[in-house]
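Visitor:
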Amino acid sequence: MPPTVESITSTAKESPNAIDALAFKQRNDPFNSLSTWNETLPFCQWQGITIPVELGSLSRLNRIFLGGNNLTGSIPTSLGNLSSLTALLLGRNGLEGNIPEELGQIKSLSIFGVGQNKLSGTIPRALYNLSSMAFFSVTHNQLIGSLPVDLGITLPNIIEFYAARNQFTGPIPTSLNNASRLELLGLSSNRFTGPIPMNLGRLEGLRHLNLEKNTLGAGEVEDMCPLSSLTNCSRLRTLSVSGNRLKGALPTSIANLSTNLQGLYLGRNQIFGSIPSGIGNLFNLISLSMSHNFMTGTIPEGIGKMSKLQGLGLRANNFSKEFPSFIGNNTQLFVMDLHENNFEGSIPSTLENYRLLSLLFLSHNNLNGYLPKQIFNITTLQILDMEANSLVGSLPMEVGNLKGLRILDISENKLSGEIPRSLDNCHNLENLYIEGNFFRGTFPSLSSLKGMLQMDISHNNFLGEIPEYIENIRYLQYLNLSYNDFEGKVPEEGIFKNASEISVIGNKKLYGGSPVLLLPACPSQESKKQWRRFSRRRMLAIIISSVIYSVLLLSLLYYYVRKPKKKHPETHLVMNPLEEQLLQISYGDLSRATDGFSETNLIGVESFGSVYKGGLDRIGKIVAVKVLNLERRGAFKSFVA
Numbered sequence: 009m010p011p012t013v014e015s016i017t018s019t020a021k022e023s024p025n026a027i028d029a030l031a032f033k034q035r036n037d038p039f040n041s042l043s044t045w046n047e048t049l050p051f052c053q054w055q056g057i058t059i060p061v062e063l064g065s066l067s068r069l070n071r072i073f074l075g076g077n078n079l080t081g082s083i084p085t086s087l088g089n090l091s092s093l094t095a096l097l098l099g100r101n102g103l104e105g106n107i108p109e110e111l112g113q114i115k116s117l118s119i120f121g122v123g124q125n126k127l128s129g130t131i132p133r134a135l136y137n138l139s140s141m142a143f144f145s146v147t148h149n150q151l152i153g154s155l156p157v158d159l160g161i162t163l164p165n166i167i168e169f170y171a172a173r174n175q176f177t178g179p180i181p182t183s184l185n186n187a188s189r190l191e192l193l194g195l196s197s198n199r200f201t202g203p204i205p206m207n208l209g210r211l212e213g214l215r216h217l218n219l220e221k222n223t224l225g226a227g228e229v230e231d232m233c234p235l236s237s238l239t240n241c242s243r244l245r246t247l248s249v250s251g252n253r254l255k256g257a258l259p260t261s262i263a264n265l266s267t268n269l270q271g272l273y274l275g276r277n278q279i280f281g282s283i284p285s286g287i288g289n290l291f292n293l294i295s296l297s298m299s300h301n302f303m304t305g306t307i308p309e310g311i312g313k314m315s316k317l318q319g320l321g322l323r324a325n326n327f328s329k330e331f332p333s334f335i336g337n338n339t340q341l342f343v344m345d346l347h348e349n350n351f352e353g354s355i356p357s358t359l360e361n362y363r364l365l366s367l368l369f370l371s372h373n374n375l376n377g378y379l380p381k382q383i384f385n386i387t388t389l390q391i392l393d394m395e396a397n398s399l400v401g402s403l404p405m406e407v408g409n410l411k412g413l414r415i416l417d418i419s420e421n422k423l424s425g426e427i428p429r430s431l432d433n434c435h436n437l438e439n440l441y442i443e444g445n446f447f448r449g450t451f452p453s454l455s456s457l458k459g460m461l462q463m464d465i466s467h468n469n470f471l472g473e474i475p476e477y478i479e480n481i482r483y484l485q486y487l488n489l490s491y492n493d494f495e496g497k498v499p500e501e502g503i504f505k506n507a508s509e510i511s512v513i514g515n516k517k518l519y520g521g522s523p524v525l526l527l528p529a530c531p532s533q534e535s536k537k538q539w540r541r542f543s544r545r546r547m548l549a550i551i552i553s554s555v556i557y558s559v560l561l562l563s564l565l566y567y568y569v570r571k572p573k574k575k576h577p578e579t580h581l582v583m584n585p586l587e588e589q590l591l592q593i594s595y596g597d598l599s600r601a602t603d604g605f606s607e608t609n610l611i612g613v614e615s616f617g618s619v620y621k622g623g624l625d626r627i628g629k630i631v632a633v634k635v636l637n638l639e640r641r642g643a644f645k646s647f648v649a
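Remember, this note's numbering sits 8 above the position in the sequence shown when you count from 1.
The structure is reproduced here in structure tokens:
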């Protein structure tokens with residue numbers, strides 16, 4: 009799957025590791041420098057080493073920093089004897105087992121970080137009662153249980169609290185509003201239930217709130233109301249409630265959130281209605297995601313005023329009507345994801361103003377018109393996805409400007425013409441999807457694209473032999489050439505060795521290749537010569553028969569056109585000698601003779617129709633049957649001629 013706004017910005021929303029805890033310590037304890045920390049217990053990358061129990065006997069020890077190593081085993085209970093300990097950082101190791109109850113005896117502990125380990129069980133209640141605790145991180149473990157209802161009361165000095173990526177259940181404690189110093193709260197990727205607390209707005213110093221990927225909400229229209237209380241958090245910079253089951257319309261008050269807000273993530277919920285027009289007030293937003301909801305209406309012009317916006321994710325909603333008029337204003341935009349909506353009209357050339365755009369997703373809409381050449385002047389593009397629209401015209405030769413392009417998906421449109429050879433300039437191209445169009449001609453040599461992983465050019469009108477360079481693409485994992493008009497021998501090297509990774513069905517002139525493909529065997533050289541001689545004789549016979557038949561047919565037509573009208577009808581039919589020589593052939597005779605005008609009997613395509621061979625049983629002859637396409641301009645004149 010291609011990356012989305014959510015995945016690209018997830019790093020910024022994840023809870024911190026031990027390094028972040030160091031930064032926290034530096035901010036809040038200026039007389040302790042980073043170098044002092046490293047002199048205490050530096051990074052050592054101790055593979056398979058356990059924490060020595062003897063550490064618990066160092067009664068004057070006040071800081072332990074063992075994060076970012078490969079320590080295994082459990083946390084020694086003896087560490088609970090270190091009554092002077094103020095900081096315990098054991099994150100990013102391979103520690104297992106429970107968090108010892110004894111750690112709750114360390115009354116001076118203010119920094120506690122055991123994130124990114126393999127710890128299990130519940131968090132000892134005594135740890136929640138350490139009123140000196142300012143930094144608390146247990147992220148990315150296998151911890152269970154629920155958070156105490158009085159959490160905000162027992163940890164009155166907490167500033168940063170992280171419990172993401174565990175298996176916690178139950179509601180988010182409403183008592184958190186009593187933790188007046190709380191700035192960063194990260195509870196994502198758990199199983200928390202119930203509503204978002206209505207009183208989180210009392211935390212005036214709150215800067216980061218991440219509740220994503222839980223099951224918050226009751227599926228009621230009131231689920232979005234708590235967001236209104238957050239307008240009191242004037243320092244709020246990141247808000248994410250994506251991946252829950254919150255229902256309802258966005259409150260208009262969302263436009264009154266802090267102007268310091270840089271990240272707003274509301275995706276994968278059950279939000280309906282339109283985007284409030286005042287959202288442009290959040291002019292410092294860097295990332296905005298509302299993907300995978302039920303939102304409707306148009307995109308407000310206010311989003312175009314967000315001059316710092318880098319990521320815009322609105323995929324999988326029901327936004328409709330014309331393409332957003334503000335397109336081109338957000339010159340810092342890095343990701344635009346409008347995939348799977350109901351946008352209409354043509355793609356504006358003003359996209360060219362996005363000189364930093366890297367990922368553009370416009371697939372599964374109702375867009376029409378031509379591919380603007382200006383898009384291919386955005387040399388920073390890495391992913392261009394326009395699948396399943398109604399685009400027409402050709403693929404511009406300017407596509408060769410996108411030398412950093414990794415994924416090109418223009419499949420399932422109405423594009424035509426030949427594939428430009430300039431595509432070979434896209435040296436980093438890994439995935440090429442152009443299936444389901446009307447492209448024609450021979451497929452160009454793309455021998456410079458040595459990093460290609462997947463290629464689907466099926467359901468087009470390509471002809472000629474399969475390009476030889478394809479079998480030399482070393483890392484190619486998937487190849488679909490089906491339903492074209494390729495001919496000749498199927499290669500046997502490279503990806504063609506594994507028939508499960510390729511498809512060539514619907515190309516009736518191919519032969520050879522892997523037996524699994526069930527294609528005809530390669531003809532021998534002698535049989536090829538015989539076939540060519542036979543084909544020449546057969547073609548000559550067909551041409552002669554066609555000429556004779558055409559002359560007879562036209563003579564009959566001439567007779568009927570020039571024949572004088574009789575003043576009195578005769579009682580019997582007098583046959584002309586020429587008429588007696590002509591066969592009376594019905595449409596049914598011709599259909600049976602050509603096997604229903606099947607492709608196997610097709611011997612040529614001319615400007616105004618097709619020519620089929622057919623055998624008339626009653627006269628024992630092979631004849632040529634020309635079927636005129638009267639929809640072609642000039643076909644009728646050709647018949648008369």
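Don't be surprised by glycine CBs; every beta carbon is placed ideally from N, CA and C. These figures come from a predicted structure and were not determined experimentally.
Pull the bridge partners of Glu330 from the DSSP assignment, please.
Guide: For Glu330, which the question treats as bridged, DSSP gives the partners Glu352.
Visitor: Specify, as a first and last residue, the run of the beta strand (DSSP E) that Ser237 falls within.
Guide: From DSSP, Ser237 is part of no beta strand (DSSP E) but of the alpha helix (DSSP H) over 234 to 237.
Visitor: In or out: Thr223 buried (at least 16 other Cβ within 10 Å) or exposed?
Guide: Thr223 is exposed by the Cβ-count criterion.
Visitor: Rounded to whole angstroms, what's the CA-CA distance from Lys505 to Ser522? Just pull it up for me.
Guide: Lys505 and Ser522: Cα-Cα distance of roughly 7 Å.
Visitor: Name the one or two DSSP bridge partners that Asp597 has.
Guide: Bridge partners of Asp597: none, in fact.
Visitor: Give the straight-line distance between the Cα atoms of Asn277 and Asn301, rounded to the nearest whole angstrom.
Guide: Distance between the alpha carbons of Asn277 and Asn301: 6 Å.
Visitor: By alpha-carbon positions, which one of Ser248, Asn185, Thr602 ends up nearest to Val635?
Guide: For the residues Ser248, Asn185, Thr602, the minimum Cα distance to Val635 belongs to Thr602.
Visitor: Would you tell me roughly how many angstroms separate the C-alpha atoms of Gly64 and Leu87, rounded to the nearest one?
Guide: Between Gly64 and Leu87, the C-alpha separation is close to 5 Å.
Visitor: Would DSSP call Arg323 helix, strand or coil?
Guide: Coil at Arg323, not helix or strand.
Visitor: Starting from the N-terminal side, write out each stretch of the beta strand (DSSP E) that is 3 residues or longer and does not extend beyond the region 179 to 242.
Guide: Entirely contained in the region 179 to 242, the beta strand (DSSP E) runs reaching 3 residues are, in chain order, 192 to 194, 199 to 202, 216 to 218.
Visitor: Can you give the Cα-Cα distance for Arg210 and Cys233, rounded to whole angstroms?
Guide: C-alpha separation (whole angstroms): 15 Å.
Visitor: From Thr147, Asn433, Phe446, pick the residue whose C-alpha is nearest to that of Leu423; which is it?
Guide: The shortest Cα separation from Leu423 among Thr147, Asn433, Phe446 belongs to Phe446.
Visitor: In the DSSP output, which residue or residues are listed as bridge partners for Arg71?
Guide: BP columns for Arg71 point to Ala95.
Visitor: Where do the N-terminal and C-terminal ends of the alpha helix (DSSP H) with Leu423 fall, by residue?
Guide: It is not in any alpha helix (DSSP H) - Leu423 instead sits in the beta strand (DSSP E) that spans 422 to 425.
Visitor: DSSP beta-bridge partners for Ser295?
Guide: Beta-bridge pairing links Ser295 to Gly271, Gly319.
Visitor: Checking the sheet assignment: what are the DSSP bridge partners for Lys115?
Guide: According to DSSP, Lys115 bridges with nothing at all.
Visitor: Please list, in chain order, all residues of the same chain as Glu330 whose beta carbon is under 8 Å from its beta carbon, the five residues on each side excluded.
Guide: For Glu330, where only same-chain residues beyond five positions count, the Cβ hits under 8 Å are Thr306, Phe351, Glu352, Gly353.
Visitor: Mapping DSSP to helix, strand and coil, what is Val631?
Guide: Looking at Val631 - three-state DSSP - the assignment turns out to be strand.
Visitor: Quick one: grab the DSSP three-state call for Tyr491.
Guide: Coil at Tyr491, not helix or strand.
Visitor: Along the chain, which unbroken stretches of the beta strand (DSSP E) at least 3 residues long are found entirely within the region 116 to 163?
Guide: Listed in chain order, the complete beta strand (DSSP E) runs (minimum 3 residues) inside the region 116 to 163 are 119 to 121, 126 to 129, 143 to 145.
Visitor: Give the DSSP-derived three-state secondary structure of Gln462 in the structure shown.
Guide: Gln462 falls in the strand class under three-state DSSP.
Visitor: Note down the Cα distance separating Gly520 from Thr147, rounded to an integer number of angstroms.
Guide: Whole-angstrom Cα-Cα distance: 57 Å.
Visitor: May I have the straight-line CA-CA distance separating Leu598 from Gly622, to the nearest angstrom?
Guide: Whole-angstrom Cα-Cα distance: 7 Å.
Visitor: Looking only at its own chain, which residues have a Cβ that is under 8 Å from the Cβ of Asn125, when we skip the five neighbours before and after it?
Guide: Around Asn125: Leu98, Gly99, Arg100, Asn101, Gly102, Leu103, Glu104, His148, Asn149.
Visitor: Would you kindly report the start and end of the unbroken beta strand (DSSP E) that includes Glu168?
Guide: From DSSP, the beta strand (DSSP E) with Glu168 extends over 168 to 170.
Visitor: What residues in its chain sit with their C-beta under 7 Å from that of Gly310, if we drop five residues either side in the sequence?
Guide: Cβ neighbours of Gly310 beyond the five flanking positions: Ser285, Gly286, Ile287, Gly288.
Visitor: Could you check if Gly129 is buried or exposed, using at least 16 other CB atoms within 10 Å of its CB as the buried criterion?
Guide: When all chains shown are included, Gly129 counts as exposed.
Visitor: If you draw a straight line from the alpha carbon of Glu239 to that of Phe169, how long is it in whole angstroms?
Guide: According to the sequence shown, residue 239 is Thr rather than Glu. Spanning the two alpha carbons is a distance of roughly 21 Å.
Visitor: Which residue wins for smallest C-alpha separation from Ser270, given the options Ser295, Leu341, Leu461?
Guide: Note that residue 270 corresponds to Gln in the displayed sequence, not to Ser. Looking at the Cα atoms, Ser295 is the closest of the given residues.
Visitor: Tell me the DSSP bridge mates of Ser398?
Guide: Beta-bridge pairing links Ser398 to Asn376.
Visitor: Would you mind reading off the limits of the beta strand (DSSP E) that contains Gln278?
Guide: First-last of the beta strand (DSSP E) with Gln278: 278 to 281.
Visitor: Is Pro156 closer than 7 Å to Thr182 when the C-beta atoms are compared?
Guide: No, Cβ-Cβ distance for Thr182 and Pro156 is not below 7 Å.
Visitor: Can you give the beta carbon distance from Glu438 to Arg414, rounded, assuming they're within the 8 Å contact cut?
Guide: Their Cβ separation, rounded to whole angstroms, is 5 Å, which keeps Glu438 and Arg414 in contact under 8 Å.
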